[in-house]
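Asks: In my numbering, the protein residues as written are 2 to 134. Heads up, the beta-carbon is just placed ideally off N, CA and C, and yes, glycines get one too. If you scroll down you'll find the structure; I have some questions about it.
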């Protein structure tokens, strides 16, 4: 039985193929309120929709993922962010974590098991920290 959740989730990525893959993974996991954006500006402008989770691409046309991550964490620090990228550069992962990303998902390794593992870790940390999302 899969978890059913109506908590709003954003996917911010300019690659429609990756967005479709991640949307399918999340839908298969029971996520039903998924909103996609192709750029960081649209994500920032829609944070008033109160997502609890954002999957955020690193390299986009208008703003890079780090700039978007900083804006999210400045104004909405409780939103969980998972940084997603095709770049196998450890410095990108370190920067993302340093600026508040919960985890770093390498697109080439992304599958339902990997995403589920990240979300389970995030949920466990929220429970232990008494955070309510």
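Assuming residue 67 is part of the alpha helix (DSSP H), what are its boundary residues?
Replies: 66 to 76
Asks: Let me confirm a value: residue 18 is counted as buried when at least 16 other C-beta atoms fall within 10 Å, else exposed. Which label applies?
Replies: Answer is exposed; the Cβ neighbour count stays below 16.
Asks: At what residues does the alpha helix (DSSP H) containing residue 1 begin and finish?
Replies: Residue coverage of the chain in this structure runs from 2 to 134, which leaves residue 1 outside it and unanswerable.
Asks: If I follow the unbroken beta strand (DSSP E) through residue 55, where does it start and stop?
Replies: DSSP places residue 55 in the uninterrupted beta strand (DSSP E) bounded by 54 to 58.
Asks: I need the boundaries of the beta strand (DSSP E) containing residue 104, first residue and last residue.
Replies: 104 to 107 is the extent of the beta strand (DSSP E) around residue 104.
Asks: For residue 131, which residues of its own chain have a beta-carbon under 7 Å away from its beta-carbon, when the five flanking residues on both sides are left out?
Replies: Because residue 131 carries a pLDDT of 49, less than 50, the predicted location of this residue cannot be relied on, and no value is offered for it.
Asks: With a threshold of 7 Å on Cβ separation, who are the neighbours of residue 103 within its own chain once the five nearest residues in sequence on each side are excluded?
Replies: Excluding five sequence positions before and after residue 103, the CB atoms of its chain that fall closer than 7 Å to its own CB belong to 81, 82, 83, 123, given in chain order.
Asks: In terms of DSSP beta bridges, what is residue 11 paired with?
Replies: 36, 55
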